[in-house]
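Input: a single structure, listed below in structure tokens.
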Amino acid sequence: MDNSATRDDPFSPSVIAYDPQAIERKWQRIWQERGTNNTDLHRAQRPYYALMMFPYPSAEGLHVGNLFAFTGNDIHGRFQRLMGHNVFEPLGYDAFGIHSENYALKVGQHPMDLIPRNIANFRRQLERSGLMVDWRHTLSTTEPNYYKWTQWLFLQLFKQGLAYKKQAAVNWCPKDKTVLANEQVVGGHCERCGTPVEQRLLEQWFFRISDYAPRLLENLEHIDWSDTTKTAQRNWIGRSEGAEISFATKDVSGAGCEIRVFTTRPDTIYGATYMVLAPEHPLVNQLTAAGEKKKVDAYRDKTKKQDIITRKTSTEKTGVFTGSYAINPATEKEIPIWISDYVLMEYGTGAIMGVPGHDARDFEFATKFELPIVRVVCGENESASTPLQEAFVDCETGTLVNSGLFDGYKVEAAKKAIVDLLAKSGSAKPIVHYRLHDWCISRQRYWGPPIPIIYCDSCGTVPVPEKDLPVVLPFIEDFKPDDSGVSPLARHEEWYRVACPKCGKTARRETDVSDTFLDSAWYFLRYPSVGHDDVPFEKTITKKWLPVNSYIGGNEHAVLHLLYSRFITMVLHDAGLLDFEEPYTRFRAHGHIIREGAKMSKTQGNIVNPDEYIEHWGADAFRTYLMFLGPYEQGGDFRDQSISGTRRFLDRLFASVQSMSSDGAPEQAVMRKLHQTIRKVGEDVSRLSYNTAIAAMMEYMNALRKGERTPHREEIAPLIPLVAPFAPHIAEELWEQTGGTGSVFDSAWPRFDPALAAEDSIELVVQVNGKVRSKISVPRDISEEAAVAAALADPTVSRFVGGTPKKIVFVPGRLLNIVA
RNA sequence: GCGGAAGUGGCGGAAUUUGGUAGACGCGCUGGACUUAGGAUCCAGUGGAGCAAUCCGUGGGGGUUCGAGUCCCCCCUUUCGCACCA
0 MDNSATRDDP
10 FSPSVIAYDP
20 QAIERKWQRI
30 WQERGTNNTD
40 LHRAQRPYYA
50 LMMFPYPSAE
60 GLHVGNLFAF
70 TGNDIHGRFQ
80 RLMGHNVFEP
90 LGYDAFGIHS
100 ENYALKVGQH
110 PMDLIPRNIA
120 NFRRQLERSG
130 LMVDWRHTLS
140 TTEPNYYKWT
150 QWLFLQLFKQ
160 GLAYKKQAAV
170 NWCPKDKTVL
180 ANEQVVGGHC
190 ERCGTPVEQR
200 LLEQWFFRIS
210 DYAPRLLENL
220 EHIDWSDTTK
230 TAQRNWIGRS
240 EGAEISFATK
250 DVSGAGCEIR
260 VFTTRPDTIY
270 GATYMVLAPE
280 HPLVNQLTAA
290 GEKKKVDAYR
300 DKTKKQDIIT
310 RKTSTEKTGV
320 FTGSYAINPA
330 TEKEIPIWIS
340 DYVLMEYGTG
350 AIMGVPGHDA
360 RDFEFATKFE
370 LPIVRVVCGE
380 NESASTPLQE
390 AFVDCETGTL
400 VNSGLFDGYK
410 VEAAKKAIVD
420 LLAKSGSAKP
430 IVHYRLHDWC
440 ISRQRYWGPP
450 IPIIYCDSCG
460 TVPVPEKDLP
470 VVLPFIEDFK
480 PDDSGVSPLA
490 RHEEWYRVAC
500 PKCGKTARRE
510 TDVSDTFLDS
520 AWYFLRYPSV
530 GHDDVPFEKT
540 ITKKWLPVNS
550 YIGGNEHAVL
560 HLLYSRFITM
570 VLHDAGLLDF
580 EEPYTRFRAH
590 GHIIREGAKM
600 SKTQGNIVNP
610 DEYIEHWGAD
620 AFRTYLMFLG
630 PYEQGGDFRD
640 QSISGTRRFL
650 DRLFASVQSM
660 SSDGAPEQAV
670 MRKLHQTIRK
680 VGEDVSRLSY
690 NTAIAAMMEY
700 MNALRKGERT
710 PHREEIAPLI
720 PLVAPFAPHI
730 AEELWEQTGG
740 TGSVFDSAWP
750 RFDPALAAED
760 SIELVVQVNG
770 KVRSKISVPR
780 DISEEAAVAA
790 ALADPTVSRF
800 VGGTPKKIVF
810 VPGRLLNIVA
């Protein structure tokens, strides 16, 4: 398995072989001794914050997907440094959360023992991979001096009225008697025991992120992010313009009441032939007639037992009639009120008007329960009497019919006119609705930061005073969730029993911990300020280094993590604590590595541990391979076999430097190619097109060695900083060998000289009728006439042209097309 | 169902801004050199058919154009998000 091939090279027996293991060890030691990767945050002239999403330190260790992500960011950071920036590239650990906790439960160990070991292993692996990380600024979300400020953050939101408590549904496994996270529910069943999961209502803490929905949406216009990520956020925020309309009804006692619905199609109100309430809607009891009560209760009971996930995925419509009727404010007719689980309490008002003619779901429901279906919009070539085979939902072409005064209106005009009319009687108002829900941050678990709240019988809900932070997560042996449905911390009276900070009477701590996403919502603010233990983020440093210049991470966090950290940043901005409101100026999503056509996963058994590859090929070759296997923003297929290609490239680079000569002058054609390469690599690296940058360097290497020539020093030396971001160790070694002082990363990216790159003669493509027939070498600025003459002198071209050309298409410097 | 992305040699993938040489670069494969040996290194070749001239080729079918992988219309497939959002 020894690939240090040049060791026995018969062609150059005197040449030193490329030994990546020795070189990498050497430079990692030197970097550490000299502090090469450290950034002087105070003195930096041109700060550049290159952030990557921090990993969750799993027990399995770093996997190749992590390394793919980090390497891409590292290359960006190292490139920016060569471009003259003071680059800060920190890395830490997102170590709280259900992942760690479940794993600890599985292996029967305590997360407080497990996590430090995992972090140590990650650190070892990360250092071997040659990242330019300033380890003086590392952090873990599980350290009390980090989560102290996570708790502080909660208090800021609480102070501003952005944190509140309400009842909400959670997934509950009746056999394991525990709360489950959504990802622990597989097809409506408990991941562990297979029991169908139920909904259970618990009091939980929420953040009012939905108040920020318009701003979170609006700002997307101004930030430089991957389009896919912005689209995902827009869809998640889910802005809908529509109207809230009131339907009058009477409850079973005869008292008048109203049902409010949200609709994006007020124009279809004449076609509303029934109403539906969500089963848990508060008006259901009042509206249920005595005769229907049994059926309604049974239905509500049944839907309650379904977990959130099955309810969302089942398609067959179900529902029951309440026995009551409401008045359609447009037609003034009585319409029946039903309940069904296809209407969600969480969205809109938890009630809808059923318009079966123009909504696919309502059509299905009305068909099943034989409710009247009325056409109120028709398309082109249709009339009011054209039968509806399915719901007609097209807004573009639709014209209103069967709609009283509004017949003949186009859909968009009708929306406005109908709402205006109904508004006069107070039964409708225009409204913008967002899909974004408030953020539930309570977790009935152990492995997280305790929520800093104290409940006092006299004073009520009291925030923990800031001076008492952190509320330390105690070491408890039995951290397993149990049948109480509350956090394991609730079993530890000595922990939760506390004096009320206001009145001093015995009170009780909140025993839930907060969501992991809260830990990661602000970590980018902490990195530069690590070491400042008295503040969450130090003012001067924060002003200098934030917002983040470049953020790279996986698109699986396109919505939750990225949205939450934007929200937190806005909140801190509004509180006057930050002078920016968007945390990441530029965000790029990297792709994912697959292996043999399948996503890497433990169950597939195709996980790649980078250790053995780095051991075998060297970190430089491995890094370069990861960046070469596909476009960084798309990912690609990992193949063991292909790594040899990038290793061979480094072997040749190393050998070329060993054999280079300083005598005479460099070859002009090679220098031209060099400058073309400098330009291309620079352009490609800055737009994260790493695979093509590497290809360009390989191409140059081929040109350099063509015909077994001895490369000239001036031909090869500029290549060293070019490869440096990809293969930093070999670059340092060669920089030193070629007489460079200090680190190659404190040198500069080679200057591109357009004059040297310019070709004086070009290969002009000659087409006849659009088909390539020849390529002729001509001066770069050749005129059309001269080009045609030269082309016609070519026997193949003249043969295809025959007589006089009908038309000439000339693209100067590129192509000539003769239409015969 | 909605939204996004993508279909190019045996394989991973190139072809940027503006339609202009399809297959860069790498793996693999074939032949050769050096060698006791080659799974090392170096050299040459490598989309398909054909002796050749040449023809055919970017998921399928139409179209626009002097010229289409690229633009337009229809269809098929894969893949990733969200998923009864009114």
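In numbering that gives the first Met the number 0, the protein residues as written are 0 to 819.
The beta carbon of each residue, even a glycine, is placed where N, CA and C say it ideally should be.
Outcome for residue i when other beta-carbon atoms lying within 10 angstroms are tallied against a minimum of 16
i	result
Gly96	buried
Phe770	Reading off the sequence shown, one finds Lys at residue 770, where the question assumed Phe. Lys770 should be labelled exposed.
Gly64	buried
Cys502	exposed
Gln44	exposed
Asn768	exposed
Gly353	buried
Arg442	buried
Arg813	exposed
Pro749	buried
Phe261	buried
Phe708	Strictly speaking, residue 708 in this sequence is Arg, with Phe absent from that position. That one is exposed.
Asn170	buried
Thr38	buried
His221	exposed
As assigned by DSSP and simplified to three states, the class of residue i
i	result
Thr228	helix
Val684	helix
Lys147	helix
Gln108	coil
Ala103	helix
Ser641	helix
Met82	coil
Trp544	helix
Phe621	helix
Ile453	strand
Phe474	coil
Glu666	coil
His674	helix
His591	strand
Lys538	helix
Lys428	strand
Met697	helix
Pro9	Confidence at Pro9 is low in this model, with a pLDDT of 34, below 50, so its placement is unreliable and no value can be given for it.
Ala325	strand
Val777	strand
Arg434	coil
Beta-bridge pairing of residue i - partner residues as DSSP gives them
i	result
Ala168	Leu200
Asn816	Gln766 and Val808
Trp337	Val275 and Phe320
Thr262	Ala242
Met352	Met274
Lys301	Beta-bridge pairing links Lys301 to no other residue.
Met131	Answer is none; Met131 lacks a bridge partner.
Pro46	Asn85
Glu257	Ala247
heavy atom of the ligand SAH below 8 Å from residue i C-beta
i	result
Lys538	With respect to the ligand SAH, the structure shown offers nothing to examine, as it has no ligands at all.
- Task: Report yes or no: do three or more beta-carbon pairs, one from the region 743-753 and one from the region 772-791, lie closer than 8 Å?
- Result: No, the region 743-753 does not touch the region 772-791.
- Flag this pair as touching only if the region 443-463 and the region 528-537 have three or more C-beta atom pairs under 8 Å; answer yes or no. Short answer: they don't touch.
- Kindly confirm or deny that the region 396-416 and the region 461-480 touch, where touching means at least three C-beta pairs closer than 8 Å. No, because fewer than three Cβ pairs between the region 396-416 and the region 461-480 fall closer than 8 Å, the two stretches do not touch.
- Query: Do the region 421-436 and the region 239-252 make contact, defined as three or more Cβ pairs closer than 8 Å?
  - Reply: Segment contact: the region 421-436 against the region 239-252, three or more CB-CB distances shorter than 8 Å; contact assigned.
- Item | Three CB pairs or more closer than 8 Å across the region 614-630 and the region 671-690 | Because the criterion of three Cβ pairs below 8 Å is met, the region 614-630 and the region 671-690 touch.
- Message: Could you check whether the region 481-500 touches the region 531-545, counting it as contact only if at least three pairs of C-beta atoms, one from each stretch, sit closer than 8 Å?
- Response: Look at the beta carbons and you see the region 481-500 not touching the region 531-545: under three pairs across the two are nearer than 8 Å.
- Touching by the beta-carbon criterion (3+ pairs, under 8 Å), the region 311-330 and the region 285-292: The region 311-330 makes contact with the region 285-292: 3 or more CB pairs, one atom from each, lie closer than 8 Å.
- Item | Inter-stretch contact at 8 Å, needing at least 3 Cβ pairs: the region 546-556 / the region 584-594 | Taking 8 Å as the limit for Cβ pairs, the verdict is that the region 584-594 does touch the region 546-556.
- Query: Quick check: the region 345-362 against the region 269-277, are there 3 or more CB pairs under 8 Å?
  - Reply: Result yes; three or more Cβ-Cβ pairs closer than 8 Å.
- Give a yes or no on contact between the region 69-86 and the region 713-726, applying the rule of three or more CB pairs nearer than 8 Å. Judged by Cβ distances under 8 Å, the region 69-86 makes contact with the region 713-726, as three or more pairs qualify.
- Task: Would you list, in sequence order, the uninterrupted beta strand (DSSP E) runs of no fewer than 3 residues that lie entirely inside the region 544-571?
- Result: Counting whole runs of 3 or more residues, the region 544-571 contains the beta strand (DSSP E) stretches 549-553.
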